[in-house]
Amino acid sequence: MRAARISAAVLLAVPVLAVTVPAAAGDSVTAPGELGGPVASFGFTVTPSTVAPGDTVTLRATGCAAPATAAASDLFATVPLGVHQGHGQSAQVTVRSDARPGVRYDVAFTCGTEEGSTPLTIGPRAAVSPSPAPRAAAHTGLGGAVSGPGAVEVALGAALVGAAGVLIFRRARTPHR
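Those letters in the sequence shown? Residues -25 to -1, 1 to 152, per mature numbering (1 follows the signal peptide of the UniProt record, and there is no 0), in order.
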């Protein structure tokens, strides 16, 4: 009985390990400098790492006591990073609208005398579609069913006003008792 339990546990554990071990190995963290940039003692990120021309990215430096800057000459000018709620220094910039899709640019970060860089890939331009034109009236209640007074309503109103005028005129002419 005990051997059967152990066998069952092993049979259940093998598929779980077969799925999780390769996934954990694929989640390795890239160290600074592995992507070709210089190794730095401070951290830096560009979020998101792939953008369309004209999109906004967030530049962040952590572990930097000196004022930090970031630059990618073909995408945006040198940007000073400001202190961000005690979570390092950051700034948001807009990538040039004429950046070439499919090209990988290096964003250079500077902290004091140290430098580091990380890639920023320009993805395809977002498709611009015109906003759809309405095809019919909106269903919001009476809508076009309500209109101003028609000829019948005007005639009835004029008749009532005329009748009231005649009554007032006749009462004014009769002597009071």
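C-beta: ideal position from N, C-alpha, C; glycine also.
Assigned secondary structure, Ala40 (DSSP; H/G/I helix, E/B strand, else coil) = Looking at Ala40 - three-state DSSP - the assignment turns out to be coil, as it is neither helix nor strand.
So is Ile143 buried or exposed if we call it buried at 16+ other beta carbons inside 10 Å?
-> Classification for Ile143: exposed.
Where does Glu9 land, buried or exposed, given buried means 16+ other C-beta within 10 angstroms?
-> The predicted position of Glu9 is uncertain, since its pLDDT is 42 and thus under 50; a value taken from the coordinates is nonetheless stated next. Glu9 sits exposed, since fewer than 16 C-beta atoms from the chains shown fall within 10 Å of its C-beta.
Nearest-angstrom Cα distance between Ala126 and Ala108?
-> The C-alpha of Ala108 is placed about 35 Å away from the C-alpha of Ala126.
Would you check if there are 3 or more beta carbon pairs closer than 8 Å linking the stretch 15 to 22 to the stretch 32 to 51?
-> Yes, the stretch 15 to 22 is in contact with the stretch 32 to 51.
Would you check if the distance between the CB atom of Val82 and the CB atom of Ala47 is smaller than 7 Å?
-> Annotated as proximal: Val82 and Ala47, with beta-carbon spacing under 7 Å.
Which runs of the beta strand (DSSP E) fall wholly inside the stretch 12 to 87 and span at least 3 residues, in chain order?
-> Here the runs fully enclosed are 18 to 22, 31 to 37, 43 to 47, 51 to 55, 64 to 69, 79 to 86.
Touch check for the stretch 28 to 39 and the stretch 56 to 67: three-plus C-beta pairs under 8 Å?
-> By the Cβ criterion, the stretch 28 to 39 is in contact with the stretch 56 to 67, since at least three pairs of Cβ atoms, one from each stretch, lie closer than 8 Å.
Alpha carbon to alpha carbon, how far is Val136 from Pro150?
-> Approximately 24 Å between the Cα atoms of the pair.
If I'm right that Pro94 touches Ser24 with Cβ under 8 Å, what's the distance once you round it to whole angstroms?
-> Their Cβ separation, rounded to whole angstroms, is 7 Å, which keeps Pro94 and Ser24 in contact under 8 Å.
Note down, in chain order, each residue of its chain lying with its Cβ closer than 6 Å to the Cβ of Val(-12), except the 5 sequence neighbours on either side.
-> Note that Val(-12) scores 40 on pLDDT, short of 50, meaning its location in the model is unreliable; the coordinates nonetheless yield the value given after this. The beta carbon of Val(-12) lies closer than 6 Å to none in the same chain, with the five residues before and after it left out.
For Gly29 versus Ser92, is the C-beta distance shorter than 7 Å?
-> It is not a contact, given that the beta carbons lie outside the stated cut-off.
Within 10 angstroms of its Cβ, does Thr88 collect 16 or more other Cβ (buried), or is it exposed?
-> Counting the other CB atoms within 10 Å of its CB gives Thr88 a total below 16, which places it among the exposed residues.
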